[in-house]
Amino acid sequence: MTAEERYRLATAEAERKKAAFLSSAAEAKARVSPARIKQDVKQKAGESLHNASAQAMAKANEHPVATAAGAGAFVLYLFRRPLAALFRRTYVRLSNRTPDQSENDDG
Numbered sequence: 001m002t003a004e005e006r007y008r009l010a011t012a013e014a015e016r017k018k019a020a021f022l023s024s025a026a027e028a029k030a031r032v033s034p035a036r037i038k039q040d041v042k043q044k045a046g047e048s049l050h051n052a053s054a055q056a057m058a059k060a061n062e063h064p065v066a067t068a069a070g071a072g073a074f075v076l077y078l079f080r081r082p083l084a085a086l087f088r089r090t091y092v093r094l095s096n097r098t099p100d101q102s103e104n105d106d107g
């Protein structure tokens, strides 16, 4: 092999390695772009939400009574103020049969 052939082979090898490097650099740049990161985050969040809901449904199917009790407690927690007002009013009506003033303004 002559020096000129070795030079041509070395040049071709260098060009091939340069093209591979530039390709991988462009791929890395595209992977780090904000749009790609945003897309990856959305995809992973959607997958994790789907997995969590599937796992919750499986647990709810395993323990239906506990799930119903937990849901009932949560509903009571959400409506604690209106329920407290209702029971307070009922208690006042039961404990004071003849009120001096009516509860509404029409007498």
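Residue 58 in full-length UniProt numbering sits at position 58 of the sequence shown, and the numbers go up by one each step.
Where is the CB? At the ideal position from N, CA and C, for every residue including glycine.
{"Query": "Go to F74, then tell me how far its alpha helix (DSSP H) extends in each direction, as first and last residue.", "Result": "64-78"}
{"Query": "How many Å lie between R36 and V75 at the Cα?", "Result": "40 angstroms"}
{"Query": "Using only the alpha-carbon positions, how far apart do R93 and L78 sit?", "Result": "25 angstroms"}
{"Query": "Jot down the residue ranges of each uninterrupted alpha helix (DSSP H) in the UniProt region \"Disordered\" (32-62), minimum 4 residues, whole runs only, in chain order.", "Result": "34-62"}
{"Query": "So, helix, strand or coil for T90, using DSSP?", "Result": "helix"}
{"Query": "What is the rounded straight-line gap between the Cα of A25 and the Cα of P34?", "Result": "16 angstroms"}
{"Query": "Whole angstroms are fine: how far does the CA of K38 sit from the CA of G46?", "Result": "12 angstroms"}
{"Query": "Assuming T67 and A60 are in contact, meaning their beta carbons sit under 8 angstroms apart, how far apart are those beta carbons, in whole angstroms?", "Result": "4 angstroms"}
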